[in-house]
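Residue numbers (my numbering): 181 to 421.
Below is one structure, written out as structure tokens; the observations come after it.
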Amino acid sequence: MREGDDKLIRNEILLSLPDAERDAVLPHLELVRLTAHHVLHEPGDNLRSAYFCNTGMISILTVFPDGKSVEVGLVGREGFVGLRLIAGFPTAFTRAITQISGSAYRIDGATLLELLPSNPELRRLLEGFSQVQTAAVCQVAACNRLHEVEERLARWLLMCSDRVKSDSLALTQELLGQMLGTRRSSVTLAAGTLQRAGLIAANRGEVRILKRAGLERAACSCYAAVRREFEEWRHMRSHSK
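Here it is, written out as structure tokens:
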């Protein structure tokens, strides 16, 4: 890590580490810029690096043989990309792509695995994130099957906002359609409904949340379920320090 880069840490996992473990990990981290649409890995790639997301947002997508894809996970400053490494899998199953520009702390995969035995809190935090991320994936899978596009769009915008800590999101409707696994025309109609209700403002390349409480009411129950899971994990972290 370059001098001064440790002052820029926003990642919640790194910030939750005891001082001794953070000091052990920091020399192995490299602060890297993540530009929108940058692919971190594709299905089948060897996982040579892992990432502690610092700012911005990374999407985890399932990719089908015909090239179509649908989002199954979101990672912001609360999380980490590279969980399969921790579980002993050397190759990626999904695509990880930057959706909102930001930064991450990159670590060599082999180095991370060497650090885990002597840094138990790091392992515990990564395993905890794996559990809440799995719960979120399960909830979103059910959501995509059972709930209307408008509800799902509201839920997804709120989840994005939570991860970047902002109500202004650099997103296009084409991207929203891809992430929700639905037609762009359906997303346009749903976004129009939310706009007419005064909950969001959507311009070219940007969506702004205007009334968060109203958007939460418009979202399906999946948003609250996922948020509770992450809040419980944060509570567990804060009481373990």
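Heads up, the beta-carbon is just placed ideally off N, CA and C, and yes, glycines get one too.
{"query": "Starting from the Cα of S368, find the closest Cα among A315, A350, E411, V329 and give me that residue.", "result": "In the sequence as displayed, the identity of residue 368 is Thr instead of Ser. Minimum Cα distance to T368 is reached at V329."}
{"query": "Could you check what DSSP says for E251 in three-state terms: helix, strand or coil?", "result": "strand"}
{"query": "Contact between the segment 281-294 and the segment 359-374: three or more CB pairs below 8 Å?", "result": "no"}
{"query": "Hey, quick one: how far does the alpha helix (DSSP H) through A322 stretch, first residue to last?", "result": "300-326"}
{"query": "Across which residues does DSSP place H221 in a beta bridge pair?", "result": "A276"}
{"query": "In this structure, what does DSSP give as the bridge partners for R388?", "result": "S348, A381"}
{"query": "For the segment 337-348 against the segment 248-265, do three or more pairs of beta-carbon atoms, one drawn from each stretch, fall closer than 8 Å, so that the two count as touching?", "result": "yes"}
{"query": "If you pair each beta-carbon of the segment 194-206 with each one of the segment 239-254, do three or more pairs fall below 8 Å?", "result": "no"}
{"query": "Give the DSSP bridge partners of N191, in chain order.", "result": "None, per the DSSP bridge assignment."}
{"query": "Compute the distance between the beta-carbons of L209 and I266, then report whether it is under 9 Å.", "result": "no"}
{"query": "Tell me where the alpha helix (DSSP H) around E258 begins and ends.", "result": "From DSSP, E258 is part of no alpha helix (DSSP H); its letter is neither H nor E."}
{"query": "Can you check whether the CB of G372 is closer than 9 Å to the CB of V250?", "result": "no"}
{"query": "Using only the alpha-carbon positions, how far apart do R414 and L374 sit?", "result": "30 Å"}
{"query": "Helix, strand or coil: which one does DSSP assign to C402?", "result": "helix"}
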